[in-house]
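Trainee: The sequence shown lines up with residues 0 to 226 when you count with numbering that gives the first Met the number 0.
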Amino acid sequence: MSLLSAVAIFLFIRIFLIAAYHIPSESMEPTLLVGDFLFVDELSYGAHIPFTHWKIPGFTSPKRNSIVVYESPAQHCLPNAPCIYDPQDSTPIVVKRVVAVAGDTVYMRKGMVYVNGIAQRQGFGAITDPLAQDDSSPYYGWQHAFEVKGSRFGAPPAVPSHDNWGPLLVPAQHLLGLGDNRYRSIDGRFYGFAPLANVRGRPLFIYFSFDTQDWKFRFGRFFSLIR
């Protein structure tokens, strides 16, 4: 096999089949840890063609409770509030869990997520911070445009807060992604629904993991499947 052929095969796999991502924050703990490196299937949901806005159609779409990699909707600092985003990167690539898909009615009460009226108990190990407060934020203001009023799920709070918001109706061709570590995650509660066109892929497994605090390898996480 010629070097040119090998490079062509590598580029095909890299562009259309599998990509590598790493976890830079605590937002998905304990499922994913800072320093985890992931292999991501980019084909199932439709591969993006580099340096363009084009996307090859996929053969499936993200399901509830699945973990996905997507390009965040535009994040902008608000003029009268502390900036919670990186002003140098308004559309970062993030890894979150899908809690609701198009047509779902989603809300949170006392920290529990409900989808279509059914409590979504965090069997995958979502954690809370005992010192965290149920604070409101100006960044939740986008939710008012999607609130469902007069439904059997109850009225939305006048001021959405971290643990009490919605019900919201997820629009067509969108999803709502949240971090498993709810009190350490900047996610859909702040920046809104993510278009399916922004989805980059489905993490398959952790191929490498390094603890940057203790400066050691996490060998037990090597090649572990992501659920």
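Every residue, glycine too, gets a C-beta built ideally from N, C-alpha and C.
Since I believe Phe145 is in contact with Leu168 (beta carbons under 8 angstroms), could you give me their beta-carbon distance rounded to a whole number of angstroms?
Mentor: 6 angstroms
Trainee: Taking Tyr190 as part of the alpha helix (DSSP H), name the residues at either end of that continuous run.
Mentor: 187–190
Trainee: Which residue marks the beginning of the beta strand (DSSP E) containing Thr104, and which one marks its end?
Mentor: 104–108
Trainee: So, Pro166 versus Ser150, is the Cβ gap smaller than 8 angstroms?
Mentor: Yes. Within cutoff.
Trainee: Within the continuous beta strand (DSSP E) that includes Phe204, where are the two ends?
Mentor: Looking at the DSSP string, the run of the beta strand (DSSP E) that includes Phe204 is 198–210.
Trainee: Quick check: Tyr69 and Gly176, are their CB atoms within less than 8 angstroms of each other?
Mentor: yes
Trainee: Quick one: Cα of Gly115 to Cα of Arg181, how far?
Mentor: Checking the sequence shown, residue 115 turns out to be Asn, not Gly. In a straight line, the C-alpha of Asn115 is about 20 angstroms away from that of Arg181.
Trainee: What residues match up with Trp164 in a beta bridge as DSSP calls it?
Mentor: Answer is Met107, bridged to Trp164.
Trainee: Do Ala99 and Val93 come within 8 angstroms of each other at the CB atom, strictly closer than that value?
Mentor: no
Trainee: Pull up the distance between the alpha-carbon of Phe221 and that of Asn79, whole angstroms please.
Mentor: Between Phe221 and Asn79, the C-alpha separation is close to 44 angstroms.
Trainee: When the distance is taken between beta carbons, is Leu42 closer than 8 angstroms to Gly57?
Mentor: It is a contact, given that the beta carbons lie within the stated cut-off.
Trainee: Using only CA atoms, which one of Gly140, Pro81, Gly178, Ala73 lies nearest to Ala157?
Mentor: Gly140
Trainee: In chain order, which continuous runs of the beta strand (DSSP E) of length 3 or greater are located wholly inside the segment 6–85?
Mentor: 17–21, 35–40, 66–70
Trainee: Which of the three DSSP states is assigned to Arg96 in this structure?
Mentor: strand
Trainee: Skipping 5 residues on each side, what residues in its chain have a beta carbon closer than 8 angstroms to that of Gly34?
Mentor: His21, Ile22, Ser208, Phe209, Asp210, Thr211, Arg217
Trainee: How many Å lie between Phe152 and His173 at the Cα?
Mentor: 21 angstroms
Trainee: I'd like to know whether the C-beta atoms of His133 and Asp162 end up nearer to each other than 8 angstroms.
Mentor: Reading off the sequence shown, one finds Asp at residue 133, where the question assumed His. It is a contact, given that the beta carbons lie within the stated cut-off.
Trainee: Would you check if the distance between the CB atom of Val97 and the CB atom of Arg63 is smaller than 8 angstroms?
Mentor: yes
Trainee: Should Met111 be labelled buried (16 or more other beta-carbon atoms within 10 Å of its own) or exposed?
Mentor: exposed
Trainee: Would you mind stating whether Tyr190 and Gln74 have Cβ atoms separated by less than 8 angstroms?
Mentor: yes
Trainee: With a Cβ-Cβ cutoff of 8 angstroms, do Asp40 and Arg226 count as a contact?
Mentor: Contact: no.
Trainee: Please determine whether the Cβ atom of Gln74 lies at a distance below 7 angstroms from any heavy atom of the ligand ATP.
Mentor: The ligand content of the structure shown is nil, which means the ligand ATP is not present either.
Trainee: Buried or exposed for Ser26, going by 16 or more other Cβ atoms inside 10 Å?
Mentor: buried
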